[in-house]
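Q:
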Amino acid sequence: MKRQFNLLLIALSGVLSTNIWASEFDEPAGAAINILSALQDSSAVNYINAENLVNGNSTPPTLSQVKTQVLTENKRYLIDFSNIEHESDKKIAQDKLRRSLGLLTLGDMLIISEHKDKLLFSQLEGSDDTNLKRLEYKPKPRRVKKSISPLAEVDNSIPRVAFYIEAKRAISDAACNPTWNTYQGPVKSTGMCDNAHISLIYQVTLQRSLPFGTQGSATPDAKIVRIAIDDSTTGAGIQLNRNFGNILLHTRGIPWPEGGDEHEMVTTALAQSYDFNFNASNEKARILRTVPKSNLNKNYTNREISTFSFGVVAGGDASSDGPKGKLEASANWTESKWLSFETNDYRVDRHSNGPQHVGFEWAREQYPTAESVMVTTIHGYTAGITLPVDESRINKMGHASFLPKMEVIYSADPDATGNTKFDIDSTVDITGFRYMTNVTPFFGVRTYYAKDDDHQINSVNKNINFVVDWDHPVFTGGRPVNLQLGGFKNQCLAIDTQQKISAKECDEYDNQQAFIYNRDGQYISAYNTKYCLDSTDLNQAQSCNLSLTQKWSWEEEAKQDSLKSAHLDHYLTHDKQTGELSMTVGAESKSSLSTKMYTRYVNVFDPSTVETNSYK
Numbered sequence: 000m001k002r003q004f005n006l007l008l009i010a011l012s013g014v015l016s017t018n019i020w021a022s023e024f025d026e027p028a029g030a031a032i033n034i035l036s037a038l039q040d041s042s043a044v045n046y047i048n049a050e051n052l053v054n055g056n057s058t059p060p061t062l063s064q065v066k067t068q069v070l071t072e073n074k075r076y077l078i079d080f081s082n083i084e085h086e087s088d089k090k091i092a093q094d095k096l097r098r099s100l101g102l103l104t105l106g107d108m109l110i111i112s113e114h115k116d117k118l119l120f121s122q123l124e125g126s127d128d129t130n131l132k133r134l135e136y137k138p139k140p141r142r143v144k145k146s147i148s149p150l151a152e153v154d155n156s157i158p159r160v161a162f163y164i165e166a167k168r169a170i171s172d173a174a175c176n177p178t179w180n181t182y183q184g185p186v187k188s189t190g191m192c193d194n195a196h197i198s199l200i201y202q203v204t205l206q207r208s209l210p211f212g213t214q215g216s217a218t219p220d221a222k223i224v225r226i227a228i229d230d231s232t233t234g235a236g237i238q239l240n241r242n243f244g245n246i247l248l249h250t251r252g253i254p255w256p257e258g259g260d261e262h263e264m265v266t267t268a269l270a271q272s273y274d275f276n277f278n279a280s281n282e283k284a285r286i287l288r289t290v291p292k293s294n295l296n297k298n299y300t301n302r303e304i305s306t307f308s309f310g311v312v313a314g315g316d317a318s319s320d321g322p323k324g325k326l327e328a329s330a331n332w333t334e335s336k337w338l339s340f341e342t343n344d345y346r347v348d349r350h351s352n353g354p355q356h357v358g359f360e361w362a363r364e365q366y367p368t369a370e371s372v373m374v375t376t377i378h379g380y381t382a383g384i385t386l387p388v389d390e391s392r393i394n395k396m397g398h399a400s401f402l403p404k405m406e407v408i409y410s411a412d413p414d415a416t417g418n419t420k421f422d423i424d425s426t427v428d429i430t431g432f433r434y435m436t437n438v439t440p441f442f443g444v445r446t447y448y449a450k451d452d453d454h455q456i457n458s459v460n461k462n463i464n465f466v467v468d469w470d471h472p473v474f475t476g477g478r479p480v481n482l483q484l485g486g487f488k489n490q491c492l493a494i495d496t497q498q499k500i501s502a503k504e505c506d507e508y509d510n511q512q513a514f515i516y517n518r519d520g521q522y523i524s525a526y527n528t529k530y531c532l533d534s535t536d537l538n539q540a541q542s543c544n545l546s547l548t549q550k551w552s553w554e555e556e557a558k559q560d561s562l563k564s565a566h567l568d569h570y571l572t573h574d575k576q577t578g579e580l581s582m583t584v585g586a587e588s589k590s591s592l593s594t595k596m597y598t599r600y601v602n603v604f605d606p607s608t609v610e611t612n613s614y615k
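Residues in the sequence shown are numbered from 0 upward in steps of one, following numbering that gives the first Met the number 0.
So this is what it looks like as structure tokens:
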């Protein structure tokens with residue numbers, strides 16, 4: 000039984016907490032107690048202790064439930080795996096959540112919040128993590144309703160699951176500053192970075208493409224995972240510092256008429272390179288396409304459009320059978336993303352070590368050394384220290400809010416099962432330009448020299464990952480439907496976590512009531528795509544197979560819609576009092592039984608983005 004709580008009634012450390020906590024979710028445990036008590040207002044936090052998923056004391060939320068809570072009710076989730084001691088138990092909890100949500104980002108603490116009307120998955124790595132502010136309650140801003148095309152109103156649910164995943168970490172002073180070689184020995188710099196961070200938001204889309212069209216222009220038959228940072232979603236970017244300057248490493252006074260080495264200095268932090276790597280954990284997924292598709296030169300400026308065509312099952316007026324239509328591609332659906340490139344001093348190198356991996360490195364090519372940006376500076380040694388750099392050669396892209404753009408599209412075979420972990424690594428190599436001064440004996444002239452032989456780099460990265468379940472119903476390509484009993488006002492068939500079949504009050508957002516009607520006439524459970532409606536046992540869904548007992552067709556019998564099994568041509572029938580299911584020879588005339596059935600589309604997937612998608 001899920002534990003209920005309300006911390007309005009609980010005193011922490013002998014003091015009544017001023018926080019208002021969300022009820023109907025798990026009681027905070029372990030580190031979560033301090034994390035949630037530190038919030039100004041935690042009333043919008045739905046806390047889930049994943050430890051309770053291991054022992055079966057609670058069930059994971061469905062994707063539709065999470066979307067309703069986060070996108071409609073302005074809630075956010077904190078899913079806590081940190082209280083699970085054994086890795087085997089943690090995997091059990093992760094698997095349950097992944098099966099329920101269709102995807103899962105890994106980490107001991109996971110935040111699910113809203114970003115641009117989609118779910119955003121962020122890792123929480125402690126009480127000082129800047130992501131903690133995502134748990135704070137904020138009033139939901141009023142949104143202006145966008146107008147949509149008539150076609151979009153007819154069909155706004157091409158099967159897809161889209162979400163955002165955040166790569167975010169602060170870059171500490173210790174991580175930013177290398178150790179330099181000076182004439183007095185090794186010296187670690189300080190203050191090269193200011194408010195440095197990696198803050199990127201990747202959009203991930205899960206979708207199925209069905210084969211459609213003629214040879215040469217046919218859409219692929221594949222399960223698709225798209226990962227992108229485009230013009231519509233970027234995050235704050237990668238920042239090392241806002242202003243360019245110099246840091247003194249070592250200095251010594253030189254009395255006249257003596258001379259010698261005087262000052263050692265380094266500029267504030269610059270990015271030697273930015274590197275982004277995408278990797279799939281197994282051969283089930285392979286790279287289909289990337290943007291950029293090849294290397295880019297320095298000073299390259301262009302705004303590119305990335306389009307991808309899917310074969311889809313058209314709904315609404317585009318398909319005469321509507322929700323009774325079997326899963327067959329009937330339209331070409333094109334999605335577009337805009338990606339703007341402005342490389343400035345950096346070239347972009349695309350690199351790969353196999354079909355599961357691709358990387359994009361923005362490598363500094365123009366003005367790459369201290370010598371290349373230096374201006375000749377000579378003055379008396381009594382003058383103040385200056386930075387011998389032509390700052391017009393230092394583009395802010397190298398240190399202030401760099402925003403990369405890229406897209407990687409993975410594909411898997413249409414019959415792929417199991418899961419794949421996708422890793423995204425975002426790295427910045429931090430350096431600085433080194434200079435030193437020397438004073439000429441007797442004349443007291445200070446001369447500046449570049450010191451490129453002392454080239455030091457600190458690498459800072461943020462790795463994020465998520466696991467995709469290839470058995471998720473979105474990868475069938477079918478638009479989910481329900482099965483409503485005509486003998487009741489509002490009862491639909493549902494398949495629970497134990498694959499038991501029952502009648503429940505119809506809910507278009509409940510994936511236990513959702514089915515995929517495939518080309519073989521099977522009704523596949525959208526809650527668990529390994530199970531199908533089978534006429535041999537109407538109390539329990541059965542493992543999907545090629546038996547005729549799992550093949551169904553719609554027929555008009557006695558002027559009413561009925562669902563007929565290919566086995567013995569019997570009809571799905573229900574008791575109008577109890578809802579008990581049975582099979583009968585034909586349309587029932589008994590007052591207690593009915594073969595009347597209805598079906599309609601349900602909304603357990605994301606609506607498509609009408610601004611960027613179109614039929615062809």
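Cβ atoms here follow ideal geometry from the backbone N, Cα and C, with glycine treated the same way.
Bear in mind that the values here come from a model prediction, so they are computed numbers and not experimental data.
Give me the residue from P138, G353, I500, N544 with the minimum Cα distance to Q483.
A: One-based indexing of the sequence shown puts residue 483 at position 484. Comparing Cα-Cα distances from Q483 to each of P138, G353, I500, N544, the minimum goes to I500.
Q: Counting only runs of 4+ residues fully inside the stretch 269–327, write out the alpha helix (DSSP H) ranges in chain order.
A: none
Q: Considering only C-alpha positions, which residue in the set G477, A540, N538, K395 is nearest to L209?
A: The count along the sequence shown starts at 1 and reaches residue 209 at position 210. Cα-wise, what sits closest to L209 is G477.
Q: According to the neighbour-count rule (16 or more other Cβ atoms, all chains shown, within 10 Å of its Cβ), is P256 buried or exposed?
A: Taking the first residue of the sequence shown as position 1, residue 256 is located at position 257. It is exposed - the Cβ of P256 has fewer than 16 other Cβ atoms within 10 Å.
Q: Between S390 and the rest of its own chain, which residues show a CB-CB distance below 7 Å, the 5 nearest in sequence each way excluded?
A: In the sequence shown, residue 390 corresponds to position 391, counting from 1. For the record, residue 390 in the displayed sequence is Glu; it is not Ser. Counting only Cβ-Cβ distances below 7 Å, and skipping sequence neighbours, we find F243.
Q: Is the stretch 256–270 in contact with the stretch 391–403, if contact means three or more CB pairs nearer than 8 Å?
A: yes
Q: Which of the three DSSP states is assigned to V372 in this structure?
A: Counted from its first residue, the sequence shown places residue 372 at position 373. Residue state, collapsed to three classes: helix.
Q: Please classify K575: is it buried, with 16 or more other beta-carbons within 10 angstroms of its beta-carbon, or exposed?
A: Numbered from 1 along the sequence shown, position 576 holds the residue referred to as residue 575. By the beta-carbon neighbour count (other beta carbons within 10 angstroms, threshold 16), K575 is buried.
Q: Just the C-alpha distance for R302 and N343, rounded to the nearest angstrom, thanks.
A: Position 303 of the sequence shown, counting from 1, holds the residue named residue 302. Position 344 of the sequence shown, counting from 1, holds the residue named residue 343. Going by the C-alpha atoms only, they are around 14 Å apart.
Q: Can you grab the Cα-Cα spacing for the pair G443 / T129, in whole Å?
A: To locate residue 443, count along the sequence shown from 1; it is residue 444. To locate residue 129, count along the sequence shown from 1; it is residue 130. Those two C-alpha atoms are separated by around 51 Å.
Q: May I have the straight-line CA-CA distance separating N155 from V601, to the nearest angstrom?
A: Position 156 of the sequence shown, counted from the first residue, corresponds to residue 155. Position 602 of the sequence shown, counted from the first residue, corresponds to residue 601. Only weak support exists for where N155 lies, its pLDDT of 47 falling under 50; the coordinates are left without a value.
Q: Taking just the CA atoms, how far does R97 sit from V347?
A: One-based indexing of the sequence shown puts residue 347 at position 348. One-based indexing of the sequence shown puts residue 97 at position 98. Answer to the nearest angstrom: the Cα atoms are 35 Å apart.
Q: Pull up the distance between the alpha-carbon of N394 and that of K115, whole angstroms please.
A: Walking along the sequence shown from the start, residue 394 turns up at place 395. Walking along the sequence shown from the start, residue 115 turns up at place 116. Taking the straight line joining both Cα atoms gives about 30 Å.
Q: Quick check: is the beta carbon of D40 nearer than 7 Å to any beta carbon in chain C?
A: Among the chains of the structure shown, chain C does not appear; only one protein chain is present.
Q: How long is the line joining the alpha carbons of F487 and F514, rounded to whole angstroms?
A: Residue numbering aside, residue 487 sits at position 488 when the sequence shown is read from its first letter. Residue numbering aside, residue 514 sits at position 515 when the sequence shown is read from its first letter. Cα-Cα distance, rounded: 19 Å.
Q: Considering only the beta carbon of each residue, do Q521 and C531 sit closer than 7 Å?
A: For the purposes of this step, residue 521 is taken as the residue at position 522 of the sequence shown. For the purposes of this step, residue 531 is taken as the residue at position 532 of the sequence shown. Yes, the Cβ-Cβ distance between Q521 and C531 is below 7 Å.
Q: Kindly give me the distance between the Cβ atoms of S335 and I286, rounded to whole angstroms, as I take these residues to be in contact under 8 Å.
A: Looking up residue 335 in the sequence shown gives position 336. Looking up residue 286 in the sequence shown gives position 287. Beta-carbon to beta-carbon, S335 and I286 are separated by about 20 Å, too far to satisfy the 8 Å threshold.
Q: Checking 7 Å against the spacing of the C-beta atoms, do C491 and Q512 come in under that value?
A: Counting from one through the sequence shown, the residue named residue 491 turns up at place 492. Counting from one through the sequence shown, the residue named residue 512 turns up at place 513. Contact: yes.
Q: What are the residues that DSSP puts in a beta bridge with G236?
A: Here residue 236 corresponds to residue number 237 of the sequence shown, with the count starting at 1. Partner(s): S198.
Q: Could you tell me the distance, in whole angstroms, from the CA atom of N460 to the CA atom of D107?
A: Taking the sequence shown and counting its residues from 1, the one referred to as residue 460 is at position 461. Taking the sequence shown and counting its residues from 1, the one referred to as residue 107 is at position 108. Taking the straight line from one Cα to the other gives about 19 Å.
Q: Is the beta carbon of T300 closer than 7 Å to that of E341?
A: Counted from its first residue, the sequence shown places residue 341 at position 342. Counted from its first residue, the sequence shown places residue 300 at position 301. Yes, they are a contact pair.
Q: Whose C-beta lies closer than 6 Å to the C-beta of V438 among residues of the same chain, with five residues either side of it excluded?
A: In the sequence shown, counting from the first residue as 1, residue 438 sits at position 439. Taken in chain order, the residues that qualify are I253, G258, E261, Y380, R445.
Q: Please determine if the stretch 461–473 and the stretch 407–424 are in contact, where contact requires at least 3 C-beta pairs separated by less than 8 Å.
A: yes
Q: P354: which of A284, D25, G310 sits nearest, CA to CA?
A: Position 355 of the sequence shown holds residue 354. Per the Cα distances, A284.
Q: If contacts are defined as beta-carbon pairs under 8 Å, then E504 and N527 qualify, I think. What distance do you get, rounded to the angstrom?
A: Along the sequence shown, one-based indexing puts residue 504 at 505. Along the sequence shown, one-based indexing puts residue 527 at 528. Wrong, their Cβ atoms sit about 21 Å apart, outside the cutoff.
Q: Within 10 angstroms of its Cβ, does L118 collect 16 or more other Cβ (buried), or is it exposed?
A: Here residue 118 is taken as the residue at index 119 of the sequence shown, counted from 1. Looking at its Cβ environment, which holds 16 or more other Cβ atoms inside 10 Å, L118 is buried.
Q: Can you give me the start and stop residues for the beta strand (DSSP E) that Q455 sits inside?
A: Here residue 455 refers to the residue found at position 456 when the sequence shown is read from its first residue. No beta strand (DSSP E) contains Q455, which DSSP labels as neither H nor E.
Q: Rounded to whole angstroms, what's the CA-CA distance from P60 to L247? Just pull it up for me.
A: Reading the sequence shown from its first residue, position 61 is the one you call residue 60. Reading the sequence shown from its first residue, position 248 is the one you call residue 247. Distance between P60 and L247, taken at the CA atoms: about 55 Å.
Q: Within its chain, find whatever has a CB closer than 6 Å to the CB of N457; leave out the 5 residues flanking it on each side and keep chain order.
A: As a working note, residue 457 is residue 458 in the sequence shown. Answer for N457: P177, I429, listed in chain order.
Q: Classify H350 as buried or exposed, calling it buried when 16 or more other Cβ atoms lie within 10 Å of its own Cβ.
A: Here residue 350 is taken as the residue at index 351 of the sequence shown, counted from 1. Per the 10 Å Cβ criterion, exposed.
Q: Starting from K115, trace the beta strand (DSSP E) both ways and give me its first and last residue.
A: Within the sequence shown, the letter at position 116 stands for residue 115. Premise fails: K115 is in no beta strand (DSSP E) and is neither H nor E.
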